[in-house]
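What follows is a single structure, written as structure tokens, with notes after it.
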Amino acid sequence: MSSAPTASAPHATSPRPMTASRSDGLRGRMRVPGDKSISHRAFMFGAMAVGETVVEGLLEGEDVLATGRAMQALGATIEKRGESWHINGLGVGGFLEPQGPLDFGNAGTGVRLAMGLCGTYDFVTRFVGDASLSARPMKRVLDPLRAIGVEVVEHNDNRLPIALRGPRTPLPIEYRVPMASAQVKSCVLLAGLVIPGTTTVIEPIMTRDHTEKMLAGFGADIQITTEADGTRIIEVSGLPELKAQAVTVPGDPSSAAFPIVAGLIVPGSDLIVENVLMNPTRTGLLTTLSEMGGQIEIINRRLSGGEEIADVHVRHSALSGVTVPAERAPSMIDEYPVLAVAAAFAEGETVMENLGELRVKESDRLAAVARGLEANGVDCTEEEERLIVRGRGAVPGGGQVATHLDHRIAMSFLVMGLASDRPVSVDDRTMIATSFPQFVPGLGALGARFTEADA
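Final position of the sequence shown in UniProt numbering is 455; the numbers increase by one with none missing.
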């Protein structure tokens with residue numbers, strides 16, 4: 001039996017460059033880590049529930065473990081027994097004042113949701129993170145919290161470190177989310193749990209709905225109305241008694257994106273990615289790759305914990321450029337870097353729009369992707385909220401890519417190197433552990449060629 005979570009933060013280690021080289025066909029079966037969004041919420045909702053929540057399939061990456069440590073600091077008991085995680089919660093409103101700052105490392109989801117989770121408590125909570133997280137904007141969640149009455153005791157131009165003190169009498173609000181962001185929506189809903197009355201979130205564009213589904217599963221009183229134009233009105237009643245649950249975390253579609261694209265672009269590939277979450281708010285990449293001509297078959301569909309999961313069978317395919325509908329962006333925002341890699345191997349122009357959110361991820365992902373493509377001989381145009389990739393069916397490669405401490409940039413360009421004419425190098429692979437610790441060995445077992453480079 002081991003107490004958890006205790007993993008060290010990846011930003012404390014030295015960079016470890018890596019090179020990916022052209023590989024023979026990738027073949028076999030691979031299971032990706034548990035979904036990161038659901039894993040974060042499993043720790044949080046378990047910490048708020050009465051009784052013992054047992055979680056199977058949790059993503060044991062650095063981001064999620066940081067959330068687990070934060071829940072421990074707020075008083076929850078968390079330990080790993082075998083392959084299961086056991087969380088003994090404190091009930092809604094039961095968190096204890098933490099004795100030190102809550103360090104979220106690189107976890108943007110973790111810190112933004114936690115600000116809603118405990119920001120309304122009548123004590124000071126201080127949130128810190130690594131250099132990458134500390135550069136990311138937090139005003140989008142601080143604005144609704146201020147409307148509730150939360151005092152922002154400390155902030156750095158609305159960036160970390162941030163300290164919050166809740167009001168003695170927090171007020172429920174009606175908040176219209178100004179951008180498509182599941183994190184902002186979830187922050188407000190979680191704050192509403194400890195506020196008497198009904199908190200309402202109005203969401204003009206639907207984003208991933210794991211918070212709503214999991215809150216309902218834990219016993220919250222949550223009502224959702226969808227208007228004719230697609231606007232969703234989500235109402236949550238304060239001070240519910242959440243009941244502990246058994247949670248099985250399905251495979252993360254954002255992680256599955258990497259072996260799926262690798263299977264499409266590496267000649268001779270035929271692989272199956274198992275146990276992938278098929279929530280319709282998360283499957284935009286599969287739709288897009290299919291439109292590009294990708295041979296993708298969804299097999300073995302089944303239900304787990306209210307979510308649909310399936311296995312994804314992928315074969316090497318001749319891809320063609322497409323225009324991705326702008327309204328699809330929220331369902332695949334984290335997958336655009338690896339989609340850009342697929343587009344580089346396609347014939348023709350791929351146009352990706354509504355990408356402004358990529359500017360405020362772990363890095364400026366839009367710029368990082370464009371520079372990585374250019375470094376490897378791919379013709380592209382970067383605009384403020386748009387990326388155009390002009391594929392020629394093959395990629396020269398041979399470049400070194402600056403990852404900017406961003407795990408998805410690192411993995412995307414390592415995937416590129418598996419099919420490019422010359423090897424592709426990234427300046428650091430350490431941060432891949434934040435979301436996909438088995439990326440290198442897992443793809444290596446299918447036939448991917450990775451080598452450590454000298455720093």
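Note that beta-carbon positions come from the ideal geometry of N, C-alpha and C, so glycine has one too.
No experiment lies behind these values; they were computed from the predicted model shown.
Fill in: For Met431, the first and last residue of its enclosing alpha helix (DSSP H)
Segment: none, Met431 is in no alpha helix (DSSP H) and carries neither H nor E.
Fill in: For Asp103, the three-state DSSP class (helix, strand or coil)
strand
Practice prompt. Could you name each continuous beta strand (DSSP E) segment of 3 residues or more that falls completely within the stretch 255-291, going from the start of the chain to the end?
Written response: 270-277
Discussion item. With distance defined between alpha-carbon atoms, name the residue in Ser181, Val426, Ile234 nearest to Ala410.
Written reply: Val426
Practice prompt. State the start and end residues of the unbroken alpha helix (DSSP H) segment that holds Lys213.
Written response: 210-218
Practice prompt. At 3 residues or longer, and completely inside the stretch 344-401: list those beta strand (DSSP E) runs for me, N to C.
Written response: 347-352, 379-382, 387-392
Discussion item. Starting from Leu133, trace the alpha helix (DSSP H) in both directions and tell me its first and last residue.
Written reply: 131-134
Worksheet item: Is there contact here, the stretch 427-447 with the stretch 23-31, by at least three beta-carbon pairs under 8 Å?
Response: yes
Item to complete: Would you list the residues sitting across from Glu308 in a DSSP beta bridge?
Response: Leu303
Worksheet item: Given 8 Å as the limit, is there contact between the stretch 397-412 and the stretch 338-356, that is, 3 or more CB pairs closer than that?
Response: yes
Worksheet item: So, do the stretch 261-272 and the stretch 303-317 have three or more beta carbon pairs nearer to each other than 8 Å?
Response: yes
Fill in: Exposed unless 16 or more other CB atoms sit within 10 angstroms - verdict on Met278
buried
Worksheet item: Are Glu362 and Arg390 touching if we call contact CB-CB under 9 Å?
Response: no
Discussion item. One question on the structure: do Phe95 and Gln245 come within less than 9 Å of each other, judged by their Cβ atoms?
Written reply: no
Worksheet item: Should Ala42 and Gly89 be called a contact, given that it needs their Cβ atoms to be closer than 9 Å?
Response: no
Fill in: Entirely enclosed beta strand (DSSP E) segments - the stretch 6-56, minimum 3 residues
18-21, 27-31, 52-56
Discussion item. Taking 9 Å as the threshold (C-beta atoms), are Lys36 and Leu59 in contact?
Written reply: yes
Worksheet item: Looking at Leu193 and Val236, is the spacing between their C-beta atoms short of 9 Å?
Response: yes
Item to complete: Using three-state DSSP, classify Glu297 as helix, strand or coil.
Response: strand
Worksheet item: Out of Arg22, Gln99, Ala107, which has the shortest C-alpha to C-alpha gap to Glu62?
Response: Ala107
Discussion item. Within 10 Å of its beta-carbon, does Val111 have 16 or more other beta-carbons around it, so buried, or fewer, so exposed?
Written reply: buried
Discussion item. I need the straight-line Cα distance from Leu285 to Asp379, nearest angstrom please.
Written reply: 22 Å
Practice prompt. Under 8 Å by Cβ, that's how I've got Leu142 and Val152 pegged, so tell me the actual separation to the nearest angstrom.
Written response: 6 Å
Practice prompt. Could you name the residues that DSSP lists as bridge partners for Ile87?
Written response: Thr53, Ile78
Practice prompt. Examine the Cβ distances between the stretch 119-126 and the stretch 156-172 and report whether three or more of them are shorter than 8 Å.
Written response: yes
Worksheet item: Looking at Thr281 and Asp209, is the spacing between their C-beta atoms short of 9 Å?
Response: yes
Item to complete: Report, in whole angstroms, the separation of the C-beta atoms of residue 456 and Pro240, which I expect to be a contact under 8 Å.
Response: The structure shown does not extend to residue 456, since the chain is modelled only from 1 to 455, so the question has no answer here.
Discussion item. Suppose the cutoff is 7 Å on Cβ atoms and the five residues either side in sequence are ignored; what does the same chain contact list for Gly348 look like?
Written reply: Ser320, Gly321, Gly391
Practice prompt. Consult DSSP for Glu327 and reduce its assignment to one of helix, strand or coil.
Written response: helix
Practice prompt. Flag this pair as yes or no: are the beta carbons of Glu172 and Thr198 separated by less than 9 Å?
Written response: Sequence inspection shows Pro at residue 172; the Glu mentioned does not correspond to that position. Cβ distance < 9 Å, so Pro172 and Thr198 count as in contact.
Worksheet item: By DSSP, does Arg168 sit in helix, in strand, or in coil?
Response: coil
Worksheet item: Quick one: is Pro178 buried, meaning 16 or more other Cβ sit within 10 Å of its Cβ, or exposed?
Response: exposed
Worksheet item: In the DSSP assignment, what are the bridge partners of Gln223?
Response: Glu235
Fill in: Per-residue burial, Arg301 [other beta carbons within 10 Å of its own, 16 or more giving buried]
exposed
Discussion item. Helix, strand or coil, according to DSSP, for Val150 in the structure here?
Written reply: coil
Fill in: Residues near Leu373 by beta carbon distance below 7 Å, same chain, minus five either side
Ala340, Ala344, Cys380, Val389
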